[in-house]
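First comes the structure, then the notes that go with it.
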Amino acid sequence: MTERVGVYVCHCGSNIAGTVDVADVARWAGEQANVAIARDYKFMCSSLGQELIAADIREKGLTRVVVAACSPHMHEKTFRNTCAQAGLNPYLFEMANIREHDSWATKDREAATLKAKALVKGAIERVVHHQPLEPLPVFINPNTLVVGGGIAGITAALELANAGHHVYLVEREPSIGGRMAQLDKTFPTLDCAACILTPRMVEVGQHEHITLFTYSEVEQVSGYVGNFTVTVRKRARHVDESLCTGCGICEEKCPKRVIDEGFGAGLGYRKAIYRPFPQAVPKYPVIDVANCTFFQRGKCKACQIVCPTGAINYDQQDEVLQIQVGNIILATGHVLFDPRRIPQYGYGRLANVFTSLEFERMVNAAGPTEGKIVLRDGVTPPRSVAIVHCVGSRDQNYHEYCSKVCCMYSLKFAHLIHERVPDAEVYNFYIDMRTPGKGYEEFYHRLLREGTHFVRGRVAEVTDAARLPGEEGKLIVQVEDTLIGKQRRIPVDMVILSPAMEAHADSREIAQRFGLGCDFNGFFTERHPKLDPVATMTEGLFIAGTCQGPKDIPESVTQGAAAAARVAGLIKQGTVMMEPVRAHIEEALCSGCRICNTLCPYNAIVFHADRGVSEVVTALCQGCGTCVAACPSQAITGAHFTNQQIMAEIEGVLWDVRPAELVEA
Amino acid sequence: MENTFEPVIVGFLCNWCSYRAADLAGTARIHYAPNLRPIRVMCSGRVEPQHVLAALRAGADGVMIAGCHPGECHYVEGNLKTMRRFYLLRRLLAQWGIEEERVQLVWASASEGNILAAAVDRMTEQVRALGPLRWQQQVLGADGQPSPAPLSREESAHAVAERAEMLP
Numbered sequence: 002m003t004e005r006v007g008v009y010v011c012h013c014g015s016n017i018a019g020t021v022d023v024a025d026v027a028r029w030a031g032e033q034a035n036v037a038i039a040r041d042y043k044f045m046c047s048s049l050g051q052e053l054i055a056a057d058i059r060e061k062g063l064t065r066v067v068v069a070a071c072s073p074h075m076h077e078k079t080f081r082n083t084c085a086q087a088g089l090n091p092y093l094f095e096m097a098n099i100r101e102h103d104s105w106a107t108k109d110r111e112a113a114t115l116k117a118k119a120l121v122k123g124a125i126e127r128v129v130h131h132q133p134l135e136p137l138p139v140f141i142n143p144n145t146l147v148v149g150g151g152i153a154g155i156t157a158a159l160e161l162a163n164a165g166h167h168v169y170l171v172e173r174e175p176s177i178g179g180r181m182a183q184l185d186k187t188f189p190t191l192d193c194a195a196c197i198l199t200p201r202m203v204e205v206g207q208h209e210h211i212t213l214f215t216y217s218e219v220e221q222v223s224g225y226v227g228n229f230t231v232t233v234r235k236r237a238r239h240v241d242e243s244l245c246t247g248c249g250i251c252e253e254k255c256p257k258r259v260i261d262e263g264f265g266a267g268l269g270y271r272k273a274i275y276r277p278f279p280q281a282v283p284k285y286p287v288i289d290v291a292n293c294t295f296f297q298r299g300k301c302k303a304c305q306i307v308c309p310t311g312a313i314n315y316d317q318q319d320e321v322l323q324i325q326v327g328n329i330i331l332a333t334g335h336v337l338f339d340p341r342r343i344p345q346y347g348y349g350r351l352a353n354v355f356t357s358l359e360f361e362r363m364v365n366a367a368g369p370t371e372g373k374i375v376l377r378d379g380v381t382p383p384r385s386v387a388i389v390h391c392v393g394s395r396d397q398n399y400h401e402y403c404s405k406v407c408c409m410y411s412l413k414f415a416h417l418i419h420e421r422v423p424d425a426e427v428y429n430f431y432i433d434m435r436t437p438g439k440g441y442e443e444f445y446h447r448l449l450r451e452g453t454h455f456v457r458g459r460v461a462e463v464t465d466a467a468r469l470p471g472e473e474g475k476l477i478v479q480v481e482d483t484l485i486g487k488q489r490r491i492p493v494d495m496v497i498l499s500p501a502m503e504a505h506a507d508s509r510e511i512a513q514r515f516g517l518g519c520d521f522n523g524f525f526t527e528r529h530p531k532l533d534p535v536a537t538m539t540e541g542l543f544i545a546g547t548c549q550g551p552k553d554i555p556e557s558v559t560q561g562a563a564a565a566a567r568v569a570g571l572i573k574q575g576t577v578m579m580e581p582v583r584a585h586i587e588e589a590l591c592s593g594c595r596i597c598n599t600l601c602p603y604n605a606i607v608f609h610a611d612r613g614v615s616e617v618v619t620a621l622c623q624g625c626g627t628c629v630a631a632c633p634s635q636a637i638t639g640a641h642f643t644n645q646q647i648m649a650e651i652e653g654v655l656w657d658v659r660p661a662e663l664v665e666a
Numbered sequence: 456m457e458n459t460f461e462p463v464i465v466g467f468l469c470n471w472c473s474y475r476a477a478d479l480a481g482t483a484r485i486h487y488a489p490n491l492r493p494i495r496v497m498c499s500g501r502v503e504p505q506h507v508l509a510a511l512r513a514g515a516d517g518v519m520i521a522g523c524h525p526g527e528c529h530y531v532e533g534n535l536k537t538m539r540r541f542y543l544l545r546r547l548l549a550q551w552g553i554e555e556e557r558v559q560l561v562w563a564s565a566s567e568g569n570i571l572a573a574a575v576d577r578m579t580e581q582v583r584a585l586g587p588l589r590w591q592q593q594v595l596g597a598d599g600q601p602s603p604a605p606l607s608r609e610e611s612a613h614a615v616a617e618r619a620e621m622l623p
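One line per chain: the protein sequences are R and W, in this order. Residue numbering for the first sequence follows our numbering, starting at 2 and increasing by one per position. Residue numbering for the second sequence follows our numbering, starting at 456 and increasing by one per position.
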């Protein structure tokens, strides 16, 4: 069998031709076995370049095509289409990357030309062994799962639901709203966070196309784009949602008060039966079993006695539901860095050191102090406040990244303090002031005019050990003011720490459950940081909001909407074509050793005990080839990456150095 | 005497990370040794020990396997399987007296063009220092026949040490 291979060497203007002797490569390629024609051309990806290939396929009867040009990640699709349009199966094409991997990576013309020949030879040898393949059509279930009911998840769910698609929204907490619901004002417009968020929450709660699961978690995900099966555990609220009217009498009469570590950021109290906040969606309360007197000691039942509709149900059990969806959007958000990890800042040891979230709750009119800014004693307003930026961020010891929003919310805090405690001195300790965004820099200038003191330098320590007169009874912020080059000790009444946004402690577990990647910091990895920021490497799985990295509300909203648009596009298509790069087990060769069974990260290999052989479920296989490499009987073939093809490519790229005895063989 | 030996290194690059890292290195015009001849695989987990052996036998002086950082695998954990195979293979190669530096495992994410380029440069220099791999003589023996009995661990360690001493 001889194949007729066409080899096309691209100049890419001077991008390739400037370093590689393209004419020489093409001339040399023309002399290789199986090559019917070899050409070089200015721009292969231009329509003229593509027509050249198409014409040769038709007129010269090419059965294989090699294009030596840029990375296959740039133009593989283009040339596959060219082949398909000329009647050649698109998988009978191979690309040799002589731009990114060669001409751009060296200045040595001779070496670059030699390397180009090796890459072209590898491609020629490989393409001869290519098999025609057909992409796999996959039906897209129009229902979508959104995980996380923060602003990103809410936006994604509403965008899809408003387009008429059904959405399942799963939220871990008893109410949707996420981090934004905890905030008081939003920068730089100083909109009240609740005022702009709660209408959207209500819309989610009432939407005919949204099924809301709060106090629920996704336990298991299986399947692939278009056909995911998701197991959701709906934890028992011990409140019958069909009877509860949300009147709140139970909460009022519950005798058990506990510190509100969740929504209240540990600053206030809630009851054992509670709604996280008055505007919670859904309106149904939850019994906190660990703190409920009835569950712990077997008596009380105050909530059941006072409930006018008999909605309290102590025997309620967790519900485990299975739902079918076509796409998944993860918007699981972030947590704040625990400042206790930086002991020299004194949080948890010095009473008047607060976190940003505590301050948000304190300054909120619905918070425990009804919006009054006071010290931990609950009555004394501070006369001086220090706001410390970059706590746990931009720090090699904790997180190297910039947490992006802290500068802006620290400015917002300064403004709110000026507003509520007009005679207080406010100090912002910053490393660099980072205010990129619409109206952000203007807000910074406004704060400069409002009289905030800005001290440039990372705070070394917050201490209550007075050394100088005037420091007694104060918290002293020790800092090197890098603008004047001096150590300063600034006594204040209150310190607010602005901790970094960080990924959930269990983000890696979540990533594993859904089958996507995490970076070193635990943030989910997008498909492409610039051009594909909401898609992931797993088809049908999208990410939005701070689970991908620190970002502010407008960015989270944008990503939520973007992810929804991507999903809507897939739903509209109805079916998608998937790359046929899949593993296949030749039953006659399979010894039934089951080595491959446990290797597959997608559980795509099933064992048939009756016949003693394994089989790959094509729909689940992602085509990594790990099983192919491991099979001791070589019974598994990885389509488009067969052993024959890889071995041929190895021999090809080594054409100039192969030992004589092998060349003869 | 100046060393004019240009080693040839076959690189098995993961489609999702190190292949893209090499793309990025090119796009960013990071110049590195042109001695690497990349072969794209979907996952470093697809690389079989026999691919490495085939490359060495077919004239390569070294083989680089490059994949995603542990925990960042596009296919969840393919790179961990690679790692397992890699260390087994290395013990095998050591028994044949093939130096550790000739077969290397590198982690480079799609954004780490500089790391991949630096790894190629480093490995090229290491292999250049070792000199050409003469598979035929070294592994099969001068007569082209397999050596009668594989070396014991001590023997192979000794053989490697001996070769190291012979280097300039």
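Yeah, the Cβ is synthetic: ideal placement off N, Cα and C, and Gly gets one too.
Closer than 8 Å: residue i CB and nearest the ligand PLP heavy atom
| i | result |
| --- | --- |
| residue 463 of chain R | Ligands displayed in this structure: none; no statement on the ligand PLP is therefore possible. |
Residue interval of the alpha helix (DSSP H) (run including residue i)
| i | result |
| --- | --- |
| residue 205 of chain R | 194 to 207 |
| residue 475 of chain R | Careful: residue 475 of chain R lies outside any alpha helix (DSSP H) and carries neither H nor E. |
| residue 549 of chain W | 533 to 550 |
| residue 28 of chain R | 23 to 31 |
| residue 254 of chain R | 250 to 254 |
Status (buried if at least 16 other CB within 10 Å, exposed otherwise) for residue i
| i | result |
| --- | --- |
| residue 270 of chain R | exposed |
| residue 140 of chain R | exposed |
| residue 63 of chain R | buried |
| residue 460 of chain W | exposed |
| residue 543 of chain R | buried |
| residue 536 of chain W | buried |
| residue 521 of chain R | exposed |
| residue 481 of chain W | buried |
| residue 454 of chain R | exposed |
| residue 107 of chain R | buried |
| residue 61 of chain R | exposed |
| residue 92 of chain R | buried |
| residue 623 of chain W | Its pLDDT being 45, under 50, residue 623 of chain W is placed unreliably in this model, and the coordinates cannot settle the point. |
Other residues of its chain near residue i: CB distance less than 6 Å, five sequence neighbours each side excluded
| i | result |
| --- | --- |
| residue 1 of chain R | This structure leaves residue 1 of chain R out entirely; chain R is present only between 2 and 666. |
| residue 626 of chain W | Absent from the model: residue 626 of chain W. The displayed extent of chain W is 456 to 623, so no value can be given. |
| residue 551 of chain R | 404, 405, 502 |
| residue 41 of chain R | 10, 23, 24, 27 |
| residue 69 of chain R | 10, 97, 99, 121 |
| residue 254 of chain R | 303, 307 |
| residue 528 of chain W | 534 |
Distance between beta carbons of residue j and residue i, contact taken as under 8 Å
| i | j | result |
| --- | --- | --- |
| residue 568 of chain R | residue 153 of chain R | Not really, about 13 Å apart at Cβ, beyond 8 Å. |
| residue 585 of chain R | residue 637 of chain R | 7 Å |
| residue 124 of chain R | residue 83 of chain R | Not confirmed; about 16 Å, so no contact. |
| residue 58 of chain R | residue 66 of chain R | 7 Å |
Neighbourhood of residue i by C-beta distance below 7 Å, restricted to the same chain and skipping five residues each side
| i | result |
| --- | --- |
| residue 608 of chain R | 595, 598, 615 |
First and last residue of the uninterrupted beta strand (DSSP E) at residue i
| i | result |
| --- | --- |
| residue 584 of chain R | 584 to 586 |
| residue 47 of chain R | That residue, residue 47 of chain R, is in no beta strand (DSSP E); it is neither H nor E in DSSP. |
| residue 568 of chain R | Note, residue 568 of chain R: premise wrong, no beta strand (DSSP E); alpha helix (DSSP H) at 554 to 574. |
| residue 492 of chain R | 487 to 493 |
| residue 390 of chain R | 385 to 392 |
Same chain only: Cβ atoms within 8 Å of residue i, ignoring 5 sequence neighbours per side
| i | result |
| --- | --- |
| residue 190 of chain R | 440 |
Counting Cβ pairs closer than 8 Å, one from the region 383 to 394 of chain R and one from the region 479 to 495 of chain R, do we hit at least three? yes
Are the region 466 to 486 of chain W and the region 495 to 508 of chain W touching by the rule of at least three beta carbon pairs closer than 8 Å? yes
Below 8 Å, how does it come out for the region 416 to 423 of chain R and the region 373 to 381 of chain R: are there three or more Cβ pairs, yes or no? yes
Taking one C-beta from the region 165 to 185 of chain R and one from the region 209 to 217 of chain R each time, how about it: are there three or more such pairs within less than 8 Å? yes
Counting Cβ pairs, one atom from each stretch, are 3 or more of them under 8 Å apart for the region 648 to 663 of chain R and the region 477 to 489 of chain W? no
Decide yes or no for the touch test of the region 194 to 206 of chain R against the region 220 to 229 of chain R: beta carbon pairs closer than 8 Å, at least 3 of them. no
Using 8 Å as the cut-off, can you tell me whether the region 102 to 118 of chain R makes contact with the region 536 to 554 of chain R, which would need three or more C-beta pairs spanning the two stretches below that distance? no
Using 8 Å as the cut-off, can you tell me whether the region 319 to 335 of chain R makes contact with the region 565 to 581 of chain R, which would need three or more C-beta pairs spanning the two stretches below that distance? yes
Looking at C-beta atoms only, is the number of pairs between the region 249 to 268 of chain R and the region 352 to 365 of chain R that lie closer than 8 Å three or more? yes
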